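Below is one structure, written out as structure tokens, with a few remarks after it.
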Amino acid sequence: MTAQQSADQTTPLRDRIAAALYDHSHPGWALSFPDLDQDQRDTYLARADAVLAVLPAPVDRRAVLREAADRIDRTELPQDDVDCFDNGARWATKLLRRMADETAATETPWPTRQRWRVELFDYLAEEWAPGTSWPTREQATERYELMKAKAPTWKDGTPVRRRVVRETTTYTVEADTEPAAGARQDGAQP
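For any residue, its number in the working numbering is found by taking its place in the sequence shown, counting from 1, and adding 1405.
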């Protein structure tokens, strides 16, 4: 992980890498990565950290497009060299700048939010029912273990199925939906 990457930015990627490493090492196993105990998860998360350490920092697509446009729009070339490529270079520069303007900024309004839940399987509805939300996996796991010890079965003797689930909320800035100043609703120029 580089200094530019904060923990908020890398946590979902780190988890996906750890899960992929586990799935690669254990193809077809019934136990999935989120179901592992904390020691096993930590092993794969440490391996994911090693992968993140060699990955380049994330780039801002808008900045890359603007840099490309600036490199094409070079004024230091001799005039006779520029004339040969002037139309193509101007077209490419305009296209890259338009693409940069249309590209959403990579910054998010708020960091990704993660919460943990202990879910119960509802045999009548045949689906998982969400439980109380916890801010950390450790708190959810403690609650899971407590519930498992206190109520291992339903009244009819059927074992209670539970699982710990991570809920991840991300926020994305939408493109500007307001019309440009002076633009007409029918699209005609003023």
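Glycine is no exception: its CB is placed at the ideal position from the N, C-alpha and C atoms. Nothing here was measured: the structure is a model prediction, and the numbers come from that model.
{"query": "Between the CA atoms of V1523 and E1547 - distance to the nearest angstrom", "result": "10 Å"}
{"query": "Local conformation of E1524 per DSSP, three classes", "result": "strand"}
{"query": "Residue nearest to R1471 in terms of C-alpha spacing, selected from G1493, E1543 and L1500", "result": "L1500"}
{"query": "Residue nearest to T1563 in terms of C-alpha spacing, selected from R1503, A1453, E1572 and L1529", "result": "L1529"}
{"query": "Rounded separation between A1424 and R1568 - CA only", "result": "17 Å"}
{"query": "Neighbour-count burial assignment, G1433, 16 or more Cβ in a 10 Å radius", "result": "exposed"}
{"query": "Own chain partners of T1558 with C-beta closer than 8 Å, once the 5 adjacent residues on each side are dropped", "result": "P1564 and V1565"}
{"query": "Buried versus exposed, by CB contacts within 10 Å (16 or more), A1468", "result": "exposed"}
{"query": "Residue burial classification, L1450 (beta-carbon count within 10 angstroms, cutoff 16)", "result": "buried"}
{"query": "Helix, strand or coil at V1456 [DSSP, three-state]", "result": "helix"}
{"query": "Nonlocal neighbours in the same chain, by C-beta distance under 6 Å from A1545, ignoring five residues either side", "result": "W1521, V1523, W1539 and V1569"}
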